[in-house]
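Note sheet for the following structure.
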Amino acid sequence: MSLGTEVNLVRFCLQCLKQYRTNRMFIRPDTVRCPKCQTISEVPKSGDMKDFPTSFHLNTLIDVLAIRECTISPVKCGNCDKSCPESSYCFQCVAFYCQECLVAHNMWKSYREHRVLALKDFQGKDYEDVMRRPAFCRKEDHSNKELEYFCKRCEIPACQLCVIVDHGGHNKESIKKEAGRQKSEMKSLIEKQRRNLQAKMEAVNRLDEEIAKLTQKGEDTKRNVQTFVDELIAIIEAKKEKILSSVEKETSKSLEPATKRKIEIQRQIEVIRSSLETADKLLNRSTNAEVVQIKPKSICAIFKEVDQNEPIDHDTKSLPANFIFEKNQMLLDTVKTEKIGTYQDMQFIRANQSIAEGKGLEEGTVNCKAKFTLTTRNAHGDQCYNERDHVTVEIQNERRWECATDVRINDCKDGVYQISFTPEEQGRYEVTVKVNGEHVRREPFTVLVKSFQLKPVLSFGEKGSAVGMLKNPMGVAVNSKDEIAVTDWSNHRIQIFDSHGTYIRSFGRKGNKAGEFDYPQGIVFHNNGNIFVADSCNNRIQIFSGEGNYVGNFGSFGGFEDELKNPWGLSVDSDGNIIVADKENSLIKIFSPNGNFLMEIGGLGSLKSPRHCIQHDKYLIVSDSGEHCIKVFDRNGNFLYKFGKKGTGDGEFDKPCFMTMDKSGHLMVSDQCNHRVQVFEPNGKFIGKFGGNGGNLGEFKNPVSLAILSNYQIVVCEWNNHRIQIFE
Numbered sequence: 041m042s043l044g045t046e047v048n049l050v051r052f053c054l055q056c057l058k059q060y061r062t063n064r065m066f067i068r069p070d071t072v073r074c075p076k077c078q079t080i081s082e083v084p085k086s087g088d089m090k091d092f093p094t095s096f097h098l099n100t101l102i103d104v105l106a107i108r109e110c111t112i113s114p115v116k117c118g119n120c121d122k123s124c125p126e127s128s129y130c131f132q133c134v135a136f137y138c139q140e141c142l143v144a145h146n147m148w149k150s151y152r153e154h155r156v157l158a159l160k161d162f163q164g165k166d167y168e169d170v171m172r173r174p175a176f177c178r179k180e181d182h183s184n185k186e187l188e189y190f191c192k193r194c195e196i197p198a199c200q201l202c203v204i205v206d207h208g209g210h211n212k213e214s215i216k217k218e219a220g221r222q223k224s225e226m227k228s229l230i231e232k233q234r235r236n237l238q239a240k241m242e243a244v245n246r247l248d249e250e251i252a253k254l255t256q257k258g259e260d261t262k263r264n265v266q267t268f269v270d271e272l273i274a275i276i277e278a279k280k281e282k283i284l285s286s287v288e289k290e291t292s293k294s295l296e297p298a299t300k301r302k303i304e305i306q307r308q309i310e311v312i313r314s315s316l317e318t319a320d321k322l323l324n325r326s327t328n329a330e331v332v333q334i335k336p337k338s339i340c341a342i343f344k345e346v347d348q349n350e351p352i353d354h355d356t357k358s359l360p361a362n363f364i365f366e367k368n369q370m371l372l373d374t375v376k377t378e379k380i381g382t383y384q385d386m387q388f389i390r391a392n393q394s395i396a397e398g399k400g401l402e403e404g405t406v407n408c409k410a411k412f413t414l415t416t417r418n419a420h421g422d423q424c425y426n427e428r429d430h431v432t433v434e435i436q437n438e439r440r441w442e443c444a445t446d447v448r449i450n451d452c453k454d455g456v457y458q459i460s461f462t463p464e465e466q467g468r469y470e471v472t473v474k475v476n477g478e479h480v481r482r483e484p485f486t487v488l489v490k491s492f493q494l495k496p497v498l499s500f501g502e503k504g505s506a507v508g509m510l511k512n513p514m515g516v517a518v519n520s521k522d523e524i525a526v527t528d529w530s531n532h533r534i535q536i537f538d539s540h541g542t543y544i545r546s547f548g549r550k551g552n553k554a555g556e557f558d559y560p561q562g563i564v565f566h567n568n569g570n571i572f573v574a575d576s577c578n579n580r581i582q583i584f585s586g587e588g589n590y591v592g593n594f595g596s597f598g599g600f601e602d603e604l605k606n607p608w609g610l611s612v613d614s615d616g617n618i619i620v621a622d623k624e625n626s627l628i629k630i631f632s633p634n635g636n637f638l639m640e641i642g643g644l645g646s647l648k649s650p651r652h653c654i655q656h657d658k659y660l661i662v663s664d665s666g667e668h669c670i671k672v673f674d675r676n677g678n679f680l681y682k683f684g685k686k687g688t689g690d691g692e693f694d695k696p697c698f699m700t701m702d703k704s705g706h707l708m709v710s711d712q713c714n715h716r717v718q719v720f721e722p723n724g725k726f727i728g729k730f731g732g733n734g735g736n737l738g739e740f741k742n743p744v745s746l747a748i749l750s751n752y753q754i755v756v757c758e759w760n761n762h763r764i765q766i767f768e
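All letters in the sequence shown, in the order written, are residues 41 to 768 by my numbering.
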């Protein structure tokens, strides 16, 4: 019979459990309440408490204790129940035997191979063997049968006999395999709780940090309040001392003449008193005869030193009438009514609630700006802003090297930060975003950066004069409907196609009359719906409706302000004005939509052979094919900088022609005689290129002009391949 059993993983000896039968531990006959944790469990179906799960570990410890203390406490025989100091232990039977019972044990043939050891001979390894002994079936008639199986239906371990007698037809598994499965499940549960523990410990640590921060913030705030109040008191004390000093000075200044006057009068009083004393003595001691002889004149002589004038009012009127302090009632009222400051409960930004998002956190292109936004949030997930927050961005490649330039963080002052960076090489980048040193949600981010590459998706047009055919196309423009207008140079006409290359309409023919052309070059759609065309050899700009109907023209041959010589590229600025590249006059001229001259750029030889000019932001960008470079001016026409030179390398040109800005703000230049298109930042930093000399799809022969469709696809017009290609 087991000495130890388990109820809800709480261990009790069998004797204690039996004693609880008489108390309130039993709610119902088939249930039992754990004396320790008060959890209710079902009583084994047999109704016998000994059928609760056995605590094998506890029973093993009891046996080990009995073996260790066998010299001072006799061990009870597992067969006859006699206590004997000279006992032995059978590892197979898992039982103690006295000397007599051991003899009987050894007489059984099947028991002769059992390992039996006297308790007094136990060594360290023997104790370990006892601790690792197998579990045996507890049924009386299944003695010494090891529990080798697990019945999944009954959910109990079983020996070989139990399997045959009690579990026939049940789904069974080896106890080792089932134990392995349950161990794995238990480990998973334990690991889950370990993670739970770790998470809670980290939460406590974070709370400790927050508590420390809040406590420090509170102390800092109180200190700031005290400092401010001390400053106010110091200022008031200083002003008080200033007023008191002024009063003291004015008082001293006012008292000085009064004091002098007082001293003078007091001196006169003494003179009068002395004279009176002399006169009284003379009068009192003199006889009548002497009085007659002295006469009043003698008395007057005594008082000749006396000032006979009486003190007059101006002696006191010269003093200030009153010293008064006129208090600043407004200041007093302000102090009473206004606060000395305001206490604001500044919400802490929670980095783990803040979100960074945008295409720049997913993919990028070498030398192109990748952009994303960061939104800072508080503990409730609400967008909030604190001007003291510190946002940092770290960008590393797979070798853990810093690999991005021009990392910029634009603080919008409302909790939104616009962030951009320029990757320098292709590969996987790791972007780490922190707010006040703590990571934001879902980071680090993995960004796949590819080299600059555009692929051709469509080509249309071939050499010829029929409808839809092209002969040396020069200019290209796109309207809001994604209609593609092409100046068909050698055919002296304008053709319009849809974004799939399907012909829509055309207008114009060779000539110099209204609506006729002599080698048209630049073309542009205006916001008002009209089409402007540079009629080069007619030295004029013609205006048409969106349907191709003639509207008007401006310009004529010459070098004056409103005259043109071989105009090339056209564009529209942000004010709706028409920018004309006046090639042979080496000028850029700007006209109103109705043709009035406004201004020109490029005097004093600053331009040699301008082919095109476009506005970007506050800049005017000019392609100068004569000097094989791009020149940049401000909106007033002042030269700022240039980039590029003649050559075939990256950033070098051979007759740069028409340009456009893509949707990302990159400058695309048709590098005509290098048979390619180059892409730059507006500051001239090279980003990439595409094309190459040839007639295959994706190759060019003298690309001259560019335009951008609404889906960001790029339209390229080729002079010598007589076609239009579209890239993405």
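The C-beta atom is built at its ideal place from N, Cα and C for all residues, glycine as well.
Since we're looking at a predicted model, the values are computed, not measured.
DSSP on Q753, reduced to helix/strand/coil? Here Q753 sits in coil by DSSP.
Rounded Cβ spacing between V526 and C757 (contact assumed at less than 8 Å): That pair is a contact at about 6 Å.
Do F131 and V170 come within 9 Å of each other at the CB atom, strictly closer than that value? Closer than 9 Å, so yes.
How about M708 and I661: are their beta carbons less than 9 Å apart? No Cβ-Cβ contact shorter than 9 Å links M708 with I661.
Every unbroken beta strand (DSSP E) inside the region 192–222 [3 residues or more]: DSSP runs (the beta strand (DSSP E)) wholly in the region 192–222: 196–198 and 212–214.
List the endpoints of the continuous alpha helix (DSSP H) containing G609. Annotation: G609 is outside any alpha helix (DSSP H); the continuous beta strand (DSSP E) that includes it extends over P607 to V612.
Cβ shell of E739 (< 7 Å), same chain only, five flanking positions each side left out: Closer than 7 Å at Cβ, skipping near neighbours: G731, G732 and N733.
Does P174 pass the burial test, meaning 16 or more other C-beta atoms within 10 Å, or should it be called exposed? Classification for P174: exposed.
From the DSSP output, in three-state form, read off N264 for me. Helix, per DSSP.
Taking G643 as the reference, give the member of D613, N736, F637 and N678 with the closest Cα. Between G643 and the set D613, N736, F637 and N678, the nearest pair of CA atoms involves N678.
What residues match up with N593 in a beta bridge as DSSP calls it? DSSP output for N593 lists Q582 as bridge partner(s).
Please name the residue in F461, F365 and G467 whose C-alpha comes closest to that of F412. The residue with the shortest Cα to Cα distance from F412 is F461.
How many angstroms separate the CA atom of N39 from the CA atom of R246? As displayed, the chain neither begins before 41 nor continues past 768, which places residue 39 out of reach and without an answer.
Below 8 Å on the Cβ atoms is my guess for Q655 versus S614; work out the distance and round it to an integer in Å. Rounded, the Cβ-Cβ distance is 6 Å, consistent with contact.
I'd like to check one pair, E478 with A391: are the Cβ atoms closer than 9 Å? Yes, the Cβ-Cβ distance between A391 and E478 is below 9 Å.
Pop quiz: C177 and C199 are said to be a contact at Cβ under 8 Å. What is the actual Cβ separation, rounded to whole angstroms? So it is a contact: roughly 4 Å between Cβ atoms.
To the nearest angstrom, how far is the alpha carbon of R533 from that of Y559? In a straight line, the C-alpha of R533 is about 8 Å away from that of Y559.
Range covered by the beta strand (DSSP E) that runs through N146: Note, N146: premise wrong, no beta strand (DSSP E); alpha helix (DSSP H) at Q139 to M147.
Could you work out which residue in T432, L401 and L272 is closest to I380 when comparing CA atoms only? The shortest C-alpha separation from I380 is found at L272.
From V344 to N328, what does the alpha carbon distance come to, in whole angstroms? In the sequence under discussion, the amino acid at residue 344 is Lys, which differs from the Val named in the question. Using only the alpha carbons, I get a separation of about 24 Å.
Taking the C-alpha atoms as reference points, what is the distance between V487 and E403? Between the C-alpha atoms of V487 and E403 there is a straight-line separation of about 5 Å.
Own chain, CB closer than 7 Å to I544, minus 5 neighbours either side, in chain order: Excluding positions up to five away in sequence, the list reads E523, I536, F537 and D538.
Could you compute how far the alpha carbon of I215 sits from the alpha carbon of V203? Looking at the two C-alpha atoms, the distance is approximately 12 Å.
Going by Cα to Cα distance, which pick from K553, E288 and T445 is closest to F594? The shortest CA-to-CA distance from F594 to any of K553, E288 and T445 is the one to K553.
Can we say the region 634–648 touches the region 668–678, given the rule of at least three CB pairs closer than 8 Å? Under the 8 Å Cβ criterion, the region 634–648 counts as touching the region 668–678, having at least three qualifying pairs.
Buried or exposed, going by whether 16 or more other CB atoms sit within 10 Å of the CB of S576? S576 should be labelled buried.
Since L510 contacts K503 with CB under 8 Å, what's their CB separation in whole angstroms? About 7 Å; that satisfies the 8 Å criterion.
Going by the CB atoms, is the gap between I283 and F365 shorter than 9 Å? Their beta carbons are under 9 Å apart, which means F365 touches I283 by this criterion.
Considering only C-alpha positions, which residue in the set E601, I312, M514 and E768 is nearest to W759? When E601, I312, M514 and E768 are compared, the shortest CA-CA separation from W759 is found for M514.
So E483 and N437 are supposed to be a Cβ contact under 8 Å. How far apart are they, rounded? The pair is not a contact, with the Cβ atoms about 16 Å apart (cut-off 8 Å).
Boundaries of the beta strand (DSSP E) in which G562 is found, first to last residue: Unbroken beta strand (DSSP E) run through G562: P560 to F565.
Is the beta carbon of I764 sitting closer than 9 Å to the one on V516? Result yes, Cβ atoms of I764 and V516 sit closer than 9 Å.
Segment limits, beta strand (DSSP E) that includes G734: Run containing G734: none; DSSP gives neither H nor E here.
Test item: CB-CB of K648 and D664 under 9 Å: Closer than 9 Å, so yes.
Note down the Cα distance separating C452 from Q458, rounded to an integer number of angstroms. Near 7 Å, if we compare the C-alpha coordinates of Q458 and C452.
Please report the Cβ distance between C124 and Q139, rounded to the nearest whole angstrom; I am assuming they are in contact, meaning their Cβ atoms lie under 8 Å. Contact between C124 and Q139 holds, with the beta-carbon distance rounding to 7 Å and staying under 8 Å.
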